[in-house]
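Take a look at the structure set out below.
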Amino acid sequence: MWPVGDYTGRITPTASEAFPAANTSYYTLWQTWASEAIVGEGEQRDIAVERLCACLSNQKSILDLGDLSLHTLPLLPACVSTLNISNNHLSTLPDLPEGLRDLTCAGNTLTSLPALPPTLQALDCSQNKLSELQNVPPALTALNCSKNRFRELPHLPDTLQSLDCSGNMIASFSELPDNLQILDCSGNSLEVLPDLPPSLKTLNCAVNKLIGFPFMPFSLQTLNCSYNELTGLPPFPDSLINLDIAYNEFNSLPPLSPSLATFVCTSNPLHQVPVLPPSLQNLPAPAHRLRHSRRCHLRYRNFIARIMTLSYCLSCLFH
Numbered sequence: 001m002w003p004v005g006d007y008t009g010r011i012t013p014t015a016s017e018a019f020p021a022a023n024t025s026y027y028t029l030w031q032t033w034a035s036e037a038i039v040g041e042g043e044q045r046d047i048a049v050e051r052l053c054a055c056l057s058n059q060k061s062i063l064d065l066g067d068l069s070l071h072t073l074p075l076l077p078a079c080v081s082t083l084n085i086s087n088n089h090l091s092t093l094p095d096l097p098e099g100l101r102d103l104t105c106a107g108n109t110l111t112s113l114p115a116l117p118p119t120l121q122a123l124d125c126s127q128n129k130l131s132e133l134q135n136v137p138p139a140l141t142a143l144n145c146s147k148n149r150f151r152e153l154p155h156l157p158d159t160l161q162s163l164d165c166s167g168n169m170i171a172s173f174s175e176l177p178d179n180l181q182i183l184d185c186s187g188n189s190l191e192v193l194p195d196l197p198p199s200l201k202t203l204n205c206a207v208n209k210l211i212g213f214p215f216m217p218f219s220l221q222t223l224n225c226s227y228n229e230l231t232g233l234p235p236f237p238d239s240l241i242n243l244d245i246a247y248n249e250f251n252s253l254p255p256l257s258p259s260l261a262t263f264v265c266t267s268n269p270l271h272q273v274p275v276l277p278p279s280l281q282n283l284p285a286p287a288h289r290l291r292h293s294r295r296c297h298l299r300y301r302n303f304i305a306r307i308m309t310l311s312y313c314l315s316c317l318f319h
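Structure, rendered in structure tokens:
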């Protein structure tokens, strides 16, 4: 570790920690960068240089420079494959290591990203000021670009399995990757969704302007389409476990999945609901305040009665 002591803008290694000659240029650059910290901005460049030096001297693949109030970054070690620079004040980034696989740059003020290495597999660039992504790496499996300024997304690679683009201004989607398993597109301006990938397991499309819904894949387990303008849905797959359709315009619903464990249907003009499956474990109390028929109300009451009876029987067993 590089001793800081009474920090004066100069960091001197001990003899046993001295860099090999090949790394001298890194050390010189970092020392200069540390000495240029803006007074009164709270930048912790001394801590950043300690971590940079330790990373380089030990050839570590993980570098954490998050939460240091940094406004800029120096040249980064080539050995880094996992980089965390989240929650700083970065408006630009330097060139990224060629072998980088995991980049977290959330919580900054970035308006653009540098060229992303083709090796990159996971990218979290959420909570920035980005409006576009260019040249998405072909090996990317996880992308979190939520809470930015995107109006559209670029073509995404088929390797992508998880996508969080919530909290943007996206009005339409292009084709989704076939291997996508998790999609959070909530809090946008979507009126329709594209065809859903056959491997999709979790879909959160709440708080949009949806008026129609595509066919649901047989793999789907969780669906949240609350706070939209939906009046109908296609058949639910038997795999569906969690369902939230609150705050829409449903008059009726297709038969519920036999695997359903959680069902939220608050604030819909439902005249009736389908038969509740025995697997159902959670039906929030406000559901009975639907504009419902007597039949719907009786089903809800019978469901609650079964739960109360089961609870009483269990209490007798344990007391």
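For the sequence shown, UniProt numbering begins at 1 and goes up steadily by one. Even glycine gets a Cβ: it sits at the ideal position worked out from N, Cα and C.
Listed in chain order, the non-local C-beta contacts of residue 209 below 8 Å within the same chain comprise 189, 190, 191, 228 and 229, local neighbours out to five positions each way being set aside. Judged by DSSP in its simplified three-state form, residue 49 adopts helix. Counted as a single uninterrupted DSSP element, the beta strand (DSSP E) harbouring residue 263 occupies residues 262-264. In the three-state DSSP reduction, residue 162 falls in the strand class (E or B).
Counting C-beta pairs with one atom in each stretch, the stretch 249-269 and the stretch 217-237 have three or more that are closer than 8 Å, which means they touch. Looking at the DSSP output, residue 124 bridges to 104 and 144. Looking at the DSSP output, residue 223 sits in a beta bridge with 203 and 243. The Cβ atoms of residue 124 and residue 144 lie closer than 7 Å to each other. Counting every other CB atom within 10 Å of its CB across the protein chains shown gives residue 224 a total of 16 or more, marking it as buried. Here residue 113 carries a coil assignment [DSSP, helix/strand/coil]. Residue pairing by DSSP leaves residue 58 without any beta bridge partner.
Here the alpha carbons of residue 281 and residue 99 stand approximately 47 Å from one another.
Within the model, the alpha-carbon separation for residue 150 versus residue 278 is close to 42 Å. For residue 182, the enclosing beta strand (DSSP E) starts and ends at 182-184. Boundaries of the beta strand (DSSP E) harbouring residue 83: 82-84, taken from the DSSP string. Excluding sequence positions up to five before and after residue 66, its CB lies within less than 8 Å of the CB of 84, 85, 86, 87, 88 and 104, all in the same chain and listed in chain order. Secondary structure of residue 276 (DSSP, three-state): coil.
Straight-line measurement puts the Cα of residue 222 at about 17 Å from the Cα of residue 266. A direct Cα-to-Cα measurement between residue 38 and residue 137 gives close to 35 Å. If you check the CB distance, residue 119 and residue 91 do not come in under 7 Å. Beta-bridge annotation (DSSP): residue 282 is paired with 262.
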